[in-house]
């Protein structure tokens, strides 16, 4: 038996608005919304990673910021400084410092408009 990841799901207060931010700021493509529905909204990146945005149940209490950070989307870039500068131009605020990782990799966390954490990463050498 072989398993493959199909998509990553993110609860959103406004699925369409959050999907728009991922398209406009991060360059993801619109993929699918069920006919006659407003959600879920599916988008995909240039490598085929699919994200599904679906409505947040109003009864669910959002976990605190650091707990949310442990579950994050990681985006790989070929030019770290260029990516950080581009995101700043798009209004993204970085509240943390760059993290130096193994094999000269660098990472920096930021949040989407609904507070979901995104991990920007540059790996000059792929360890796998």
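Residue numbers (this note's numbering): 39 to 166.
Backbone N, C-alpha and C define an ideal beta-carbon position, used for all residues, glycine too.
Counting of Cβ neighbours within 10 angstroms places residue 90 among the buried residues, the total reaching 16 or more. Secondary structure note for residue 82: its beta strand (DSSP E) is the uninterrupted segment 79-82.
Taking a cut-off of 8 Å for Cβ pairs, the stretch 122-137 and the stretch 80-87 do not touch, as fewer than three such pairs fall below it. For residue 46, the enclosing beta strand (DSSP E) starts and ends at 46-50. For residue 145, the enclosing beta strand (DSSP E) covers residues 144-149. The straight-line gap separating the alpha-carbon atoms of residue 59 and residue 136 is approximately 23 Å. Per DSSP, residue 56 is one residue of the alpha helix (DSSP H) stretching across 53-64. Inside the stretch 83-132, DSSP marks whole alpha helix (DSSP H) runs of 4 or more residues at positions 103-108, 118-127, from first to last along the chain.
Taking residue 101 as reference, the option from 142, 153, 118, 88 with the minimal CA-CA separation is 153.
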